[in-house]
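Residue numbers (our numbering): 7 to 210.
Quick reminder that beta carbons are idealized off the backbone N, C-alpha and C, glycines included.
None of these values were measured; they are calculated from a predicted model.
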Ligand code: GLN
């Protein structure tokens with residue numbers, strides 16, 4: 007049985023629990039979904055979703071309770087992770103804000119990417135757009151962008167999965183996926199299913 011966790015420090019936790027459950031059912035896989043917070047809970051997982059929210063808050067609180075370190079070790083040992091929006095920011099090794107510039111915030115330092123927070127503007131400039139992730143066989147996906155980051159540069163080995171308006175909005179490197187948009191806010195579970203299949207192959 008697969009143990010999939012959603013980091014429940016702050017942000018879009020409930021929606022991701024639901025999308026993950028639905029995706030597991032649709033795939034007919036035996037799995038459980040947990041909201042996780044502590045290093046002990048995280049150490050039991052086969053896969054982790056870091057949800058969207060506020061990356062500074064998620065970073066600081068997970069640093070203080072020791073889970074940031076455990077998450078990093080698990081990912082480095084091959085555990086699949088899906089970082090959504092703030093979650094993708096957490097995966098990076100460098101974040102700057104469109105207005106505030108370089109921000110000093112705890113990050114996982116997993117992916118060599120340059121990333122701009124709030125790249126598409128403020129909350130009221132949130133939008134939805136059709137995007138495609140052809141290389142992972144998702145030709146059409148409804149991208150929900152909420153104070154979303156974009157990736158301005160990727161280091162070697164990081165694949166670009168999707169671009170919108172010339173900006174990189176989804177990336178993958180081995181067991182690590184990041185999206186600037188929120189797949190848990192659409193009924194289409196194809197990205198969650200793709201992630202769960204990664205978790206399954208890691209477990210096997
Ligand atoms: N703007 C947020 C941040 O910089 C991310 C927004 C989101 O996760 N929807 O952390």
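| Check | Outcome |
| --- | --- |
| Selected residue, minimal CA-CA separation from residue 68, among 169, 92 and 112 | 112 |
| Endpoints, the beta strand (DSSP E) within which residue 42 is located | 37 to 42 |
| Bridge-paired residues (DSSP) for residue 148 | 136 |
| Buried or exposed (CB count within 10 angstroms, at least 16 for buried), residue 190 | buried |
| Pairwise C-alpha distance: residue 210 and residue 9 | 13 Å |
| Residue environment, residue 195, which counts as buried when at least 16 other CB atoms sit within 10 Å | buried |
| Residue 133 versus residue 207: straight-line alpha-carbon distance, rounded | 34 Å |
| Close-in-space but distant-in-sequence residues of the same chain around residue 118 (CB under 7 Å, 5 per side omitted) | 99, 161 and 164 |
| The segment 173 to 187 / the segment 79 to 87 touching (three or more Cβ pairs under 8 Å) | yes |
| Buried or exposed by the 16-neighbour rule on C-beta atoms within 10 Å, applied to residue 53 | buried |
| Cutoff 7 Å; reference residue 125; Cβ partners in own chain excluding five residues on either side | 104, 154, 155, 156 and 173 |
| Residue 58 to residue 143 span [Cα, whole Å] | 23 Å |
| Identity of the residue in 78, 139 and 122 nearest residue 116 by Cα | 78 |
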